[in-house]
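Numbering (the numbering used here), first residue to last: 16 to 172.
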C-alpha cells in the first residue's frame, strides 16, 4: 500500500508566510541563531544573511580590519616623521585630516569585507576558496604593516 496524497500540491499546503524573513540584526550580531549556511545549491546564487558565521572566517576578517587600522596609524606616524603618501587617493584624504584618512581607510576595507561575508556561500563549492581570498588579503596587509614597522625603525635610527 503506497502513500496517498490529497489533491493539494505541497506548495498549496504551505502557510504562505515566509519564515526566513524573521532574522533580526540582534540575532546575527550575537550569533544566537541556528543557520550557518545555505542548504540548497540554488540558494547560493542569492544573498542570504545568516545567524552565525564560520569562526575562522570571521576571525580572518577581524584580523584584516585590525591590520588595516594598524596600517592607517603607522602611516600617520611615518608621515609625522617625514614620509610621503604615494597613493594619490589616500593623499587626498590626508589633506582633509587624519580623521578623514582613517575613516576612509577603514570603510574602504570594511565594506568589501561585509560583501565578502555575504557572498561567501557563492564560492562554497570551490574547495579552499572560502578562506583563500581573506588569507591573501590578511597576508598583504600583514606585509604592509611589517614594512611600515621596518620603516619606523629606519626613521628612528
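Virtual Cβ for every residue (Gly too), placed ideally from N, Cα, C. Quick caveat, the model's predicted, so the values are computed rather than measured.
With 16 other Cβ atoms within 10 Å as the buried cut-off, status of residue i
i: residue 76; result: buried
i: residue 87; result: buried
i: residue 124; result: buried
Residues of its chain near residue i, where Cβ-Cβ distance is below 8 Å and the 5 sequence neighbours each way are ignored
i: residue 153; result: 75, 78, 79, 82
i: residue 157; result: 82
i: residue 71; result: 146
i: residue 110; result: none
i: residue 131; result: 76, 148, 149
Presumed contact (8 Å Cβ cut-off) between residue i and residue j, rounded CB distance
i: residue 93; j: residue 167; result: 7 Å
i: residue 164; j: residue 89; result: 7 Å
i: residue 113; j: residue 134; result: Not really, about 32 Å apart at Cβ, beyond 8 Å.
Residue span of the alpha helix (DSSP H) that contains residue i, given as start and end
i: residue 120; result: 113-134
i: residue 87; result: 70-95
Beta-carbon contacts of residue i that lie in its chain and below 6 Å, excluding the five residues immediately before and after
i: residue 108; result: 115, 116, 119
i: residue 155; result: none
i: residue 170; result: 96
Residue i: CB within 7 Å of a non-hydrogen atom of the ligand HEM
i: residue 104; result: Summarising the ligand content, the structure contains no ligands, and the ligand HEM is consequently not present.
Residues near residue i in its chain [Cβ-Cβ closer than 7 Å; skip 5 each side]
i: residue 85; result: 160
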